[in-house]
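Residue numbering for the sequence shown follows the numbering used here, starting at 251 and increasing by one per position. Glycine included, C-beta positions come from ideal geometry on N, C-alpha and C. Report on the structure given below.
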Amino acid sequence: RYDKLVAAAEVTVAGETLTLPRARGLASSEDAALRRAAFEAYRTWFLEQREDIAQIYQEQVELRTQMGRNLGHPDFVPLGYAGMGRTDYGPAEAAAFRNAVETHASPLFARLCALQAEALGTPTLRPWDMAYNPELTLPTGAAQPIAGQLDKAARVFERLSPKLAAHFGRMRQEGLIDLENRKGKRAGAFCTSFSDEAKVAIFCNSIGDEGDVKTLMHEMGHAFQGWESQWIEAIDLRWPTSDGAEVHSMGMEFLSLPHLGEYFAPEALERFRQNRWRRAIELLCYVSVVDAFQHWVYQNPEATPDDRDQAWVRLQDTYMPGIDWSGEAERYRSSRWYAQLHVFRYPFYYIDYAIAETGAMQLGMLDAQDHERCLATYLELCRLGGTGSVLELFSQAGLRSPFDPALMADLTRHAAGELGLT
């Protein structure tokens, strides 16, 4: 019900009727009025659908809570962790991870917000300006049109690795890449496999902006792992649990950076590179909001929709300081979680992105030091598939555990250096 509701949604921005992904794509427009109009149209749609969406979620929370209690748990949380295949960590470790984010990444996020406001010439950073930074955002038209995106990706992978280029070529030849956004198409992007045919496919919603490049590299990272793991006879072990799987996708975002001159001119590429490191910090912070929110929801299943909205606002203040939600922006604050697919379809998934990002950022650091070693590490991670738990995969690849107390400090320090802030 949620998927159908969101996929069919359309909003009007500057007199043009747009799907939600296309409206969201205007968030990085150089036109301040257009950015705000797109933000308000997008968020208003979710506010107008709040009653229906809140009811869908209420039914999900009730069902999942009962499922957990049927198995003797006090709530859904232990069952949610079991359903994600978690064997190496539990809620306590996740809380410690979020605490490390709050201690090290959140202050850097607030600093980046202040610098962005300064670049915009505004006293504070407003939510509708989050995706636009005049010093980092690529100019309109920096990315290639959809029709040329796959040709350029082919050249990126040829430069990166003949093995990866061969996988990509096969996918194009066999029609295993669904790239372009269209009306009625399910939102989001993902990678999947067809074990009986030994094939891997990706699904995207490209709209012609630079964000398409990031998404394509991300999903191809998943696909490369899928192809490299075909040797594993036990089909269920070809894919890691999602916390491990996202290392390959996010890692490919970093590994592909030196070769994205296929898409961008040198100045634009430098902006894109810095944006990737900035997004890493923002992702760690935003994922912590989502993860803490889901723990709160399932530990408080009797909460009302208003209670959930208030919890979201509190957690956003904790992990993402530096955004000015005062005045007219206040009404839109709680609407963000209604747009987060994972909250509805995949409970407790989202922290996987942050855990994996710590692995991807480590690959980014290693690539700067020794590219060949980094590529060999990446291919080995792909080959291992799901034959180990996430911490075992990290260990076998020589990466530090995401729960290493000192790791978050080192990662944020390196990110600050990449952004010229040290």
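**Report entry** Start-to-end residues for the alpha helix (DSSP H) that takes in S443
**Finding:** Numbered from 1 along the sequence shown, position 193 holds the residue referred to as residue 443. Note, S443: premise wrong, no alpha helix (DSSP H); beta strand (DSSP E) at 440 to 444.
**Report entry** Exposure label - E312; buried when at least 16 CB within 10 Å
**Finding:** Working through the sequence shown from its first residue, we reach residue 312 at position 62. Exposed, because fewer than 16 other Cβ atoms sit within 10 Å of the Cβ of E312.
Requested in this report: Would you list the one or two residues that DSSP bridges to K449?
Outcome: Here the question's residue 449 lines up with position 199 in the sequence shown. Within the DSSP bridge table, the entry for K449 names F444 as partners.
Report task. Kindly indicate the opening and closing residues of the alpha helix (DSSP H) around V497. Result -> The residue labelled residue 497 in the question sits at position 247 within the sequence shown. Looking at the DSSP string, the run of the alpha helix (DSSP H) that includes V497 is 492 to 506.
Query raised in the report: Between which two residues does the beta strand (DSSP E) containing D428 stretch?
Result: Against the sequence shown, residue 428 aligns to sequence position 178. Its beta strand (DSSP E) spans residues 427 to 430.
Requested in this report: Please look up how many angstroms separate the CB atoms of N525 and P271, rounded, as I've assumed it's under 8 Å.
Outcome: The sequence position of residue 525 within the sequence shown is 275, counting from 1. The sequence position of residue 271 within the sequence shown is 21, counting from 1. Contact between N525 and P271 is absent: CB atoms are separated by about 19 Å, not below the 8 Å threshold.
Report task. Please report the residue range of the beta strand (DSSP E) in which V261 lies. Result -> Here residue 261 corresponds to residue number 11 of the sequence shown, with the count starting at 1. Where V261 is concerned, the enclosing beta strand (DSSP E) starts and stops at 260 to 263.
Query raised in the report: Span of the beta strand (DSSP E) holding L268?
Result: On the sequence shown, residue 268 is found 18 positions in, with the first residue counted as 1. Here the beta strand (DSSP E) through L268 covers 266 to 269.
Query raised in the report: Buried or exposed: which applies to Q316, given that a residue is buried once 16 or more other Cβ atoms fall within 10 Å of its Cβ?
Result: Translated into the one-based positions of the sequence shown, residue 316 becomes position 66. Its Cβ having fewer than 16 others within 10 Å, Q316 is exposed.
Query raised in the report: Which residues in the same chain have their Cβ closer than 6 Å to the Cβ of I452, if we skip the five residues on either side of it in sequence?
Result: Counting from one through the sequence shown, the residue named residue 452 turns up at place 202. I427, C441, E469, A473, listed in sequence order.
Query - Close Cβ partners of P384 (< 6 Å) along its chain, the five nearest in sequence each way excluded - result: What you label residue 384 is simply residue 134 of the sequence shown in a count that begins at 1. Here P384 has A369 as same chain residues with Cβ atoms under 6 Å from its own Cβ, once five neighbours each way along the sequence are excluded.
Report task. Consult DSSP for S456 and reduce its assignment to one of helix, strand or coil. Result -> Walking along the sequence shown from the start, residue 456 turns up at place 206. If DSSP states are grouped into helix, strand and coil, S456 belongs with the strands.
**Report entry** Environment of A288 [buried if 16+ CB atoms lie within 10 Å]
**Finding:** What you label residue 288 is simply residue 38 of the sequence shown in a count that begins at 1. Buried, since its Cβ has 16 or more Cβ neighbours within 10 Å.
Query raised in the report: When you compare each of F418, Q549, E642, G638 to P328 by their alpha carbons, which one comes out closest?
Result: Position 78 of the sequence shown holds residue 328. P328 has its Cα closest to that of Q549, out of F418, Q549, E642, G638.
Query raised in the report: Is it true that the region 584 to 593 meets the region 544 to 562, where meeting means three or more beta-carbon pairs spaced less than 8 Å apart?
Result: Contact between the region 584 to 593 and the region 544 to 562 is present: 3 or more CB-CB pairs across the two stretches fall below 8 Å.
Report task. Give the range of the alpha helix (DSSP H) segment to which D563 is assigned. Result -> Mapped onto the sequence shown, residue 563 falls at position 313. Correcting the residue type first, residue 563 is Val in the shown sequence and not Asp. First-last of the alpha helix (DSSP H) with V563: 555 to 569.
Query raised in the report: For L313, does the three-state DSSP call read helix, strand or coil?
Result: Within the sequence shown, the letter at position 63 stands for residue 313. When secondary structure is reduced to three states using DSSP, L313 falls in the helix class.
Query raised in the report: For L297, which residues does DSSP report across the bridge?
Result: Here residue 297 corresponds to residue number 47 of the sequence shown, with the count starting at 1. DSSP, once it has assigned bridges, lists no residue as partnering L297.
Query raised in the report: Going by C-alpha distance, which of S506, M380, M658, S492 is nearest S411?
Result: Taking the first residue of the sequence shown as position 1, residue 411 is located at position 161. Here the closest residue by C-alpha is S506.
Query raised in the report: When you compare each of G494, L565, T294, A264 to A283 by their alpha carbons, which one comes out closest?
Result: Locating residue 283 in the sequence shown gives position 33, counting from the first residue. It is A264 whose Cα lies nearest to the Cα of A283.
Query raised in the report: Rounded to the nearest angstrom, how far is the Cβ of W295 from that of V351, given a contact under 8 Å?
Result: For the purposes of this step, residue 295 is taken as residue 45 along the sequence shown, with counting starting at 1. For the purposes of this step, residue 351 is taken as residue 101 along the sequence shown, with counting starting at 1. That pair is no contact at about 30 Å.
Query raised in the report: I think P597 touches G330, with their Cβ atoms under 8 Å apart; what is that distance to the nearest whole Å?
Result: On the sequence shown, residue 597 is found 347 positions in, with the first residue counted as 1. On the sequence shown, residue 330 is found 80 positions in, with the first residue counted as 1. Contact between P597 and G330 holds: their C-beta atoms lie close to 5 Å from each other, under 8 Å.
Query raised in the report: According to DSSP, what are the bridge partners of I573?
Result: Here residue 573 refers to the residue found at position 323 of the sequence shown. I573 is bridged to L375.
Requested in this report: Look at Q646 and L634 and say whether their C-beta atoms are less than 8 Å apart.
Outcome: Taking the sequence shown and counting its residues from 1, one reaches residue 646 at position 396. Taking the sequence shown and counting its residues from 1, one reaches residue 634 at position 384. For the 8 Å CB-CB criterion, Q646 and L634 form a contact.
**Report entry** Cβ distance (whole Å) where Q612 is taken to contact Y513 below 8 Å
**Finding:** Along the sequence shown, read from residue 1 onward, the residue named residue 612 stands at position 362. Along the sequence shown, read from residue 1 onward, the residue named residue 513 stands at position 263. A Cβ-Cβ separation of about 25 Å leaves Q612 out of contact with Y513 under the 8 Å criterion.
Report task. Drop a sphere of 10 angstroms on the beta-carbon of Q544, count the other beta-carbons inside from all chains shown, and report buried for 16 or more, exposed for fewer. Result -> Position 294 of the sequence shown, counted from the start, is the residue given in the question as residue 544. So Q544 counts as buried.
Query raised in the report: Is the closest heavy atom of the ligand SAM to the C-beta of R422 under 7 Å?
Result: Of the ligands one can find in the structure shown there are none, so the ligand SAM has no counterpart to examine.
Query - Segment contact flag, the region 478 to 486 with the region 595 to 610, C-beta cutoff 8 Å, min 3 pairs - result: Result no; under three Cβ-Cβ pairs closer than 8 Å.
Query raised in the report: Roughly how many whole angstroms lie between the Cα atoms of E580 and A404?
Result: Indexing the sequence shown from 1 puts residue 580 at position 330. Indexing the sequence shown from 1 puts residue 404 at position 154. A direct Cα-to-Cα measurement between E580 and A404 gives close to 44 Å.
Query raised in the report: In chain order, what residues of the same chain lie with their CB nearer than 8 Å to the CB of A437, ignoring the 5 residues before and after it?
Result: As a working mapping, residue 437 is identified with position 187 in the sequence shown. Contacts found: D253, V256, A257, L270, P271, N455, L591.
**Report entry** Residue range of the unbroken alpha helix (DSSP H) whose run includes P277
**Finding:** Position 27 of the sequence shown, counting from 1, holds the residue named residue 277. Note on residue identity: the sequence assigns Ala, not Pro, to residue 277. Counting along the chain, A277 falls outside any alpha helix (DSSP H), and DSSP gives it neither H nor E.
**Report entry** Backbone CA spacing between G333 and R409 [nearest angstrom]
**Finding:** Position 83 of the sequence shown holds residue 333. Position 159 of the sequence shown holds residue 409. Between G333 and R409, the C-alpha separation is close to 39 Å.
Query raised in the report: Going by Cα to Cα distance, which pick from M502, E552, L375 is closest to R361?
Result: As a first step, residue 361 must be located in the sequence shown, where it is residue number 111. Of the candidates M502, E552, L375, the one whose C-alpha sits nearest the C-alpha of R361 is L375.
Requested in this report: Please determine, among R650, G638, M502, R529, the residue with the shortest C-alpha to C-alpha distance to L669.
Outcome: Here residue 669 refers to the residue found at position 419 of the sequence shown. Distances from the alpha-carbon of L669 to those of R650, G638, M502, R529 put R529 closest.
Query raised in the report: Where do the N-terminal and C-terminal ends of the alpha helix (DSSP H) with G471 fall, by residue?
Result: Along the sequence shown, one-based indexing puts residue 471 at 221. It spans 461 to 478 - the alpha helix (DSSP H) in which G471 sits, taken as one unbroken run.
Query raised in the report: For chain B, is any of its Cβ atoms less than 8 Å away from the one on R528?
Result: Of the protein chains in the structure, only one exists, and it is not chain B.
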